[in-house]
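Trainee: Last residue of the sequence shown: 689 (my numbering), numbering continuous. By construction, the Cβ of each residue, glycine as well, lies at the ideal position given by its N, Cα and C atoms.
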Amino acid sequence: MYLNILKSKIHRVTVTESRLDYIGSITIDEDLMDAANLIANEKVQVVDNNNGNRFETYVIKGERGSGVICLNGAAAHLVSVGDVVIIMAYTWLEEEEARTFKPAIIFPDTKTNSLI
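In structure tokens form, the structure reads like this:
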């Protein structure tokens with residue numbers, strides 16, 4: 574049996590930009606991507622702590638060290654600049670592996686989006 578397990582989590586990061594004029598996705602600082610074990614084009618779930626919106630999109634690499642968290646396209650309607658969000662990705666694992674798997678969970682500074 575396969576289980577859908579949390580793989581990666583960026584816990585409480587601040588939205589720095591919102592761009593309606595883009596096809597769609599979330600741009601994430603590459604340092605945060607590396608620390609949370611996320612890759613470009615990976616599907617993620619975004620949860621907005623300010624308004625309760627939850628949605629799925631895919632990751633685009635942002636400039637390393639910039640702290641950028643930018644919602645693009647239609648998702649930009651669901652957040653505001655300054656909102657605090659949680660970004661999560663999941664993976665399918667066999668039950669035995671799922672029992673011992675440790676997800677990559679990071680807790681950036683919400684003022685700068687830098688790693689603590």
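Reducing DSSP to helix, strand and coil, say where aspartate 607 ends up.
Mentor: If DSSP states are grouped into helix, strand and coil, aspartate 607 belongs with the helices.
Trainee: Verify whether the separation of the beta carbon atoms of isoleucine 659 and asparagine 622 is less than 8 Å.
Mentor: Yes; because the gap between Cβ atoms is below 8 Å, this pair is in contact.
Trainee: Does the distance from the C-beta atom of isoleucine 642 to that of threonine 587 stay below 8 Å?
Mentor: For isoleucine 642 and threonine 587, yes; Cβs fall inside 8 Å.
Trainee: Output yes or no for whether 8 Å exceeds the beta carbon distance between valine 654 and glutamate 603.
Mentor: Against a cut-off of 8 Å, the Cβ pair of glutamate 603 and valine 654 comes out as no contact.
Trainee: Measure the alpha-carbon distance for leucine 576 versus glycine 638 and round it to whole angstroms.
Mentor: Rounded to the nearest angstrom, the two C-alpha atoms are 34 Å apart.
Trainee: Do phenylalanine 674 and isoleucine 578 have their C-beta atoms closer together than 8 Å?
Mentor: Cβ atoms of phenylalanine 674 and isoleucine 578: closer than 8 Å.
Trainee: My assumption, with CB atoms under 8 Å, is that lysine 580 sits in contact with asparagine 610. Please give the rounded CB distance.
Mentor: Indeed they touch by this definition, with Cβ atoms about 7 Å apart.
Trainee: Run through the DSSP bridge pairs and tell me what phenylalanine 628 is partnered with.
Mentor: Answer by DSSP bridge pairing, in chain order: Val619.
Trainee: Give every residue of the same chain whose Cβ lies closer than 7 Å to the Cβ of isoleucine 678, excluding the five residues on either side of it in the sequence, and list them in chain order.
Mentor: For isoleucine 678, where only same-chain residues beyond five positions count, the Cβ hits under 7 Å are Lys582, His584.
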